[in-house]
Amino acid sequence: MITVRVARENEILALTAVGLDAWERAVSGLADAGAMRRIAELSFLSFLRSQWFAVSLIETGGVVAGWAAREDNDGSISDLWIAPALQRSGLGSLLLADLERAIKEEGFEAAMVKTHAQNSQAIGFFRKHGYSVSSLSTAYAPKLDRDVESIGMTKILEEPVFHKGQEWF
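With the working numbering applied, the sequence shown closes on residue 237, and no number is skipped along the way.
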């Protein structure tokens, strides 16, 4: 059974592990993930220790499969991580749908996300879900000691269309 729910404080280590594994896959070719792993791990731990209550997680069979967050509690999605072994299984789509529902319910007209421009998997995922490129930027990343190109994507949220009896399984 698949469940999307708010994270619990005692799940911080499991959330960190999922985020770190997915991050390593996402930065492949952009940075030396091995050299940066400890810094990334500390960043995930710091964020999750202070914001665990604002994290939505998706679990399958009672095991954390991924998580997402809106760090500033606005229409911007700051994090969406799915365990690499479970990517392309539909779990990210369910988690994104839950985020978009919350964003719309809170009165925001659009959902936004930002990723590095070489993250073709994330860009393709968001395009598939109706996001379009809204910005391109380059900024110096101190942890990488180089400029990184980023792509911003936006989706205008419309009223959801549900069919009688529709459920998630």
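The beta-carbon is built from N, C-alpha and C at its ideal position, and this holds for glycine as well.
Tell me Tyr-208's beta-bridge partners as DSSP assigns them.
The residue you call residue 208 lines up with position 140 of the sequence shown. Tyr-208 is bridged to Asp-215.
Locate the alpha helix (DSSP H) running through Gly-160, then write down its first and last residues.
Indexing the sequence shown from 1 puts residue 160 at position 92. Start and end: 159 to 173.
Can you give the Cα-Cα distance for Trp-91 and Ser-200, rounded to whole angstroms?
On the sequence shown, position 23 is the one that residue 91 refers to. On the sequence shown, position 132 is the one that residue 200 refers to. Answer to the nearest angstrom: the Cα atoms are 22 Å apart.
Can you say whether Ala-190 is buried or exposed, counting buried as having 16 or more other CB atoms within 10 angstroms of its CB?
As a first step, residue 190 is located in the sequence shown; it is residue number 122 there, counting from the start. Buried, by the Cβ-count rule.
Distance check for Ile-70 and Met-104, CA to CA, integer angstroms please.
Within the sequence shown, numbered from 1, the residue matching residue 104 stands at position 36. Within the sequence shown, numbered from 1, the residue matching residue 70 stands at position 2. For Met-104 and Ile-70, the distance between alpha carbons rounds to 32 Å.
How should Met-221 be labelled, buried or exposed, when 16 other C-beta atoms within 10 angstroms of its C-beta is the threshold for buried?
Counted from its first residue, the sequence shown places residue 221 at position 153. Buried, because 16 or more other Cβ atoms sit within 10 Å of the Cβ of Met-221.
What would DSSP say about Asp-238, mapped onto helix, strand or coil?
The question about residue 238 has no answer here: the residues shown for the chain are numbered 69 through 237.
Stretch pair the segment 161 to 174 + the segment 135 to 145: three plus CB contacts closer than 8 Å
yes
Nearest-angstrom Cβ-Cβ length linking Ala-185 and Ile-219, presumed shorter than 8 Å
Position 117 of the sequence shown, counted from the first residue, corresponds to residue 185. Position 151 of the sequence shown, counted from the first residue, corresponds to residue 219. Between Ile-219 and Ala-185 the Cβ distance is about 5 Å, and since that is below 8 Å, they are a contact.
What did DSSP end up calling Met-180 once you bin it into helix, strand or coil?
Taking the first residue of the sequence shown as position 1, residue 180 is located at position 112. Strand at Met-180.
When we look at the beta-carbon of Phe-112 and count the other beta-carbons within 10 Å, is it buried (16 or more) or exposed?
The residue given as residue 112 occupies position 44 in the sequence shown. Result: buried.
Look at the alpha carbon of Leu-204 and the alpha carbon of Glu-217, and state the distance between them as a whole number of angstroms.
Here the question's residue 204 lines up with position 136 in the sequence shown. Here the question's residue 217 lines up with position 149 in the sequence shown. Whole-angstrom Cα-Cα distance: 7 Å.
Presumed contact (8 Å Cβ cut-off) between Ala-133 and Ala-151, rounded CB distance:
One-based indexing of the sequence shown puts residue 133 at position 65. One-based indexing of the sequence shown puts residue 151 at position 83. The Cβ separation is near 5 Å, so the contact holds.
Which residues mark the beginning and the end of the beta strand (DSSP E) in which Gly-134 is found?
Stepping through the sequence shown from its first residue, residue 134 is reached at position 66. Counting along the chain, the beta strand (DSSP E) containing Gly-134 begins and ends at 131 to 137.
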